[in-house]
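Asker: Please read through the structure below; I'll follow up with questions.
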Amino acid sequence: MSSTRFDIIVVGAGIAGLTSALALQRDGTRVAVLDRHRAGTEASWAGGGILCPLYAWRYPAPVLALAAEGMRRYPALLASLDSGIDPERWVTGMEILDPIGDDETAESISATLASADIAHQWRRQGNADALWLPEVANVRNPYLLDALIDTLPARGIELREQCAANGLLLNAGRVAGVATSQGDLHADRVVITAGAWSEGLIPGLPTGSLFPVRGQMLRLEPRPENQLDRIRMDDGVYLIPRRDGSVVVGSTVEYAGFDKTVDSEAQQRLHAHACRLWPQLAEARITHRWAGLRPGSSDELPLLGAHPSIAGLWANTGGFRNGLAMAPASAELLAAQMAGRPTAVDPAPYRLERLIEG
Ligand SMILES: Cc1cc2nc3c(=O)[nH]c(=O)nc-3n(C[C@H](O)[C@H](O)[C@H](O)COP(=O)(O)OP(=O)(O)OC[C@H]3O[C@@H](n4cnc5c(N)ncnc54)[C@H](O)[C@@H]3O)c2cc1C
Numbered sequence: 001m002s003s004t005r006f007d008i009i010v011v012g013a014g015i016a017g018l019t020s021a022l023a024l025q026r027d028g029t030r031v032a033v034l035d036r037h038r039a040g041t042e043a044s045w046a047g048g049g050i051l052c053p054l055y056a057w058r059y060p061a062p063v064l065a066l067a068a069e070g071m072r073r074y075p076a077l078l079a080s081l082d083s084g085i086d087p088e089r090w091v092t093g094m095e096i097l098d099p100i101g102d103d104e105t106a107e108s109i110s111a112t113l114a115s116a117d118i119a120h121q122w123r124r125q126g127n128a129d130a131l132w133l134p135e136v137a138n139v140r141n142p143y144l145l146d147a148l149i150d151t152l153p154a155r156g157i158e159l160r161e162q163c164a165a166n167g168l169l170l171n172a173g174r175v176a177g178v179a180t181s182q183g184d185l186h187a188d189r190v191v192i193t194a195g196a197w198s199e200g201l202i203p204g205l206p207t208g209s210l211f212p213v214r215g216q217m218l219r220l221e222p223r224p225e226n227q228l229d230r231i232r233m234d235d236g237v238y239l240i241p242r243r244d245g246s247v248v249v250g251s252t253v254e255y256a257g258f259d260k261t262v263d264s265e266a267q268q269r270l271h272a273h274a275c276r277l278w279p280q281l282a283e284a285r286i287t288h289r290w291a292g293l294r295p296g297s298s299d300e301l302p303l304l305g306a307h308p309s310i311a312g313l314w315a316n317t318g319g320f321r322n323g324l325a326m327a328p329a330s331a332e333l334l335a336a337q338m339a340g341r342p343t344a345v346d347p348a349p350y351r352l353e354r355l356i357e358g
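The opening residue of the sequence shown carries number 1 in this note's numbering; numbering runs sequentially from there.
Put into structure tokens, the structure is as follows:
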């Protein structure tokens, strides 16, 4: 029979929860990770898997810093996994057409990318500017999640699926565990990684601090002779090549609550835009359509750190559009803070205190 007492309970088994659990277990602690459904089936499954922010220069500097550190850490994360599943990380480069927006210049974009060590070159594409980021990779995120889940048993981490956290167990201002649909589970430390559903599990967060942002996607299968060899992006729509020749197209950004409906109008718009961007797609078969809920936050920054007034409660959430890219860096930043180790990235901008009064 499995235990009900752990050192650390991680609530939510998406990319944030799975990478956090693995990073925390390295510190020799007994870790359980819970999910109310099946692990790895929400935003982290639905995402595109591009390991670099889109229009990276338009994000707050702390988002870019964490994403850039995540990009650097991916090879080591993948090499550390105990799984026969290949997450298919593929350095294809990313081409962004017409990247210069209002109030931006090529110089300002170059300076921001250089500050994050993101290699880039400017090119002309017809009459327009294009930006080429040669080192950008994508990962087949559903396979990455499977590989992470596969690694848990070898590390002694207990995964509990169909186990919903209904609330925290508190004792004299400290966290004492989690009340779940499988009964009370006890731990001195609890980490909330419940994605778009995290707000209600972090006491004191004002309503609207964390919320779902729907993104719709589709996958197409071009003819075998037509192979896309790079990520291409224009006006917010991107094409991602996968190793099997399929192409993933994304994405919408919709504030529609906890609703994962796929609507035909948005899908048609994405499809038409994708075909303009790479005409070979016009003949490709559409094999899948889906939507996922990104964990958005009110100031676009992740919530990563200790709760200011409940000892033992931590969070690693709010990855919004970059949660996959940031994941290895976010998990390490969490684990280093929990262990009192020096951090590679300044933790201050992500602290919960900015939204919760202590
Ligand atoms: C369409 C789309 C495209 C994207 N593209 C990219 C991209 O190319 N690159 C990139 O870096 N990022 C991308 N993202 C963003 C990225 O996917 C997210 O930021 C990231 O996956 C969030 O991970 P998470 O673990 O925080 O959340 P999730 O993956 O949503 O995981 C949260 C988990 O918590 C569980 N949970 C919720 N409530 C409870 C509870 N009460 N008890 C127990 N478990 C609970 C859920 O079941 C879920 O499994 C994209 C997202 C979408 C939707």
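In this text, a Cβ means the ideal position worked out from N, Cα and C, and glycines have one as well.
Can at least three beta-carbon pairs, one atom from the region 222-234 and one from the region 205-213, be found at a separation below 8 Å?
Answerer: Taking one beta carbon from each stretch, the region 222-234 and the region 205-213 have fewer than 3 pairs nearer than 8 Å; the two do not touch.
Asker: Check Y350 in the structure and name its three-state DSSP category.
Answerer: Looking up residue 350 in the sequence shown gives position 350. It is helical.
Asker: Quick one: what's F6 bridged to in DSSP?
Answerer: For the purposes of this step, residue 6 is taken as the residue at position 6 of the sequence shown. F6 is bridged to A187.
Asker: What residues in its chain sit with their C-beta under 7 Å from that of R256, if we drop five residues either side in the sequence?
Answerer: Taking the first residue of the sequence shown as position 1, residue 256 is located at position 256. Note on identity: in this sequence residue 256 is Ala, with Arg being the wrong assignment. Result list for A256: R214, in chain order.
Asker: Would you check if there are 3 or more beta carbon pairs closer than 8 Å linking the region 305-321 to the region 173-186?
Answerer: Yes: at least three Cβ pairs fall under 8 Å.
Asker: Need the endpoints of the alpha helix (DSSP H) that L72 sits in, please.
Answerer: Along the sequence shown, read from residue 1 onward, the residue named residue 72 stands at position 72. What sits at residue 72 in the sequence shown is Arg, not Leu. Element bounds for R72: A61 to S80.
Asker: What runs of the alpha helix (DSSP H), each 4 residues or longer, lie entirely inside the region 276-310?
Answerer: none
Asker: Thinking C-alpha only, which one of E42, R73 and A274 is nearest A331?
Answerer: Numbered from its first residue, the sequence shown carries residue 331 at position 331. Minimum Cα distance to A331 is reached at R73.
Asker: CB of W197 to nearest heavy atom of ligand 1: below 7 Å?
Answerer: As a working mapping, residue 197 is identified with position 197 in the sequence shown. It does: the Cβ of W197 is within 7 Å (strictly closer) of some heavy atom of ligand 1.
Asker: Straight-line CA distance for V91 to R242?
Answerer: Here residue 91 is taken as the residue at index 91 of the sequence shown, counted from 1. Here residue 242 is taken as the residue at index 242 of the sequence shown, counted from 1. The straight-line gap from Cα to Cα measures roughly 11 Å.
Asker: If you drop the 5 nearest sequence neighbours on each side, which residues of the same chain put their C-beta closer than 6 Å to that of L113?
Answerer: Here the question's residue 113 lines up with position 113 in the sequence shown. Once the five neighbours on either side are set aside, the close Cβ partners of L113 are H120.
Asker: If you count every other CB in all the chains shown that lies within 10 Å of the CB of N171, and 16 or more means buried, which is it?
Answerer: As a first step, residue 171 is located in the sequence shown; it is residue number 171 there, counting from the start. The residue is exposed, with fewer than 16 neighbouring Cβ atoms inside 10 Å.
Asker: For the candidate residues G318, G156, I15 and Y55, whose alpha-carbon lies nearest to that of I100?
Answerer: By 1-based counting over the sequence shown, the position of residue 100 is 100. For I100, the nearest C-alpha among the options comes from Y55.
Asker: So does the region 278-291 actually touch the region 12-31, counting three or more Cβ pairs closer than 8 Å?
Answerer: no
Asker: State yes or no: is the C-beta of V191 within less than 8 Å of the C-beta of L34?
Answerer: Position 191 of the sequence shown, counted from the start, is the residue given in the question as residue 191. Position 34 of the sequence shown, counted from the start, is the residue given in the question as residue 34. No. Outside cutoff.
Asker: With distances taken Cα to Cα, identify the nearest neighbour of D86 among D263, G93 and P75.
Answerer: Reading the sequence shown from its first residue, position 86 is the one you call residue 86. The option with the nearest alpha carbon to D86 is P75.
Asker: Excluding the 5 residues flanking E357 on each side, which residues of the same chain have their C-beta closer than 6 Å to its C-beta?
Answerer: Here residue 357 is taken as the residue at index 357 of the sequence shown, counted from 1. No residues qualify anywhere along the chain.
Asker: Could you tell me whether the region 43-59 touches the region 142-157, using the rule of 3 or more Cβ pairs below 8 Å?
Answerer: yes
Asker: Give the DSSP-derived three-state secondary structure of M1 in the structure shown.
Answerer: Here residue 1 refers to the residue found at position 1 when the sequence shown is read from its first residue. Unreliable positioning characterises M1 in this predicted model, as indicated by a pLDDT of 49, which lies under 50. The coordinate reading is nonetheless provided below. Of the three classes helix, strand and coil, the one that applies to M1 here is coil, per DSSP.
Asker: Taking three-plus beta-carbon pairs below 8 Å as touching, is the region 345-354 in contact with the region 297-304?
Answerer: yes
Asker: Can you give me the C-alpha to C-alpha distance between V237 and G12, rounded to a whole angstrom?
Answerer: Taking the first residue of the sequence shown as position 1, residue 237 is located at position 237. Taking the first residue of the sequence shown as position 1, residue 12 is located at position 12. Approximately 29 Å, taken between the alpha carbons.
Asker: Can the beta-carbon of E95 be found less than 8 Å from the beta-carbon of W132?
Answerer: For the purposes of this step, residue 95 is taken as residue 95 along the sequence shown, with counting starting at 1. For the purposes of this step, residue 132 is taken as residue 132 along the sequence shown, with counting starting at 1. Yes, they are a contact pair.
Asker: Compare the C-alpha of E88 against each of N141, L24, C163 and A21 and name the closest.
Answerer: Counted from its first residue, the sequence shown places residue 88 at position 88. The alpha carbon of E88 has as its nearest neighbour, out of N141, L24, C163 and A21, the alpha carbon of N141.
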